[in-house]
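Quick note: the sequence shown uses this note's numbering, first residue 9, plus one each step. Cβ atoms here follow ideal geometry from the backbone N, Cα and C, with glycine treated the same way. Source: prediction; values computed, not measured. Since the structure comes first, as structure tokens, the remarks are kept for the end.
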Amino acid sequence: MEPTGIQAAGLFGLGGPEIAALCLLAVLLFGGKKVGELGKGLGEGIRNFKTALKGDEEEKK
């Protein structure tokens, strides 16, 4: 049971409709192809960051 006044928040305190509206706005502003390229680049950046962190942990051992 949650205390009164506290609500579960989604990503950055945004709910489903707000996230959907932001995605729609991004597609309208940049186009589907650019949004896809942005997502791909973001995924590669996160993957490289995780790989670098794992490399640092192995060097410390």
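Below 8 Å on the Cβ atoms is my guess for Ala34 versus Val43; work out the distance and round it to an integer in Å.
-> 5 Å
Output the distance between the C-alpha atoms of Gly21 and Cys31, rounded to the nearest integer angstrom.
-> 16 Å
The alpha helix (DSSP H) with Gly21 in it runs from where to where?
-> Per DSSP, Gly21 belongs to no alpha helix (DSSP H) and is neither H nor E.
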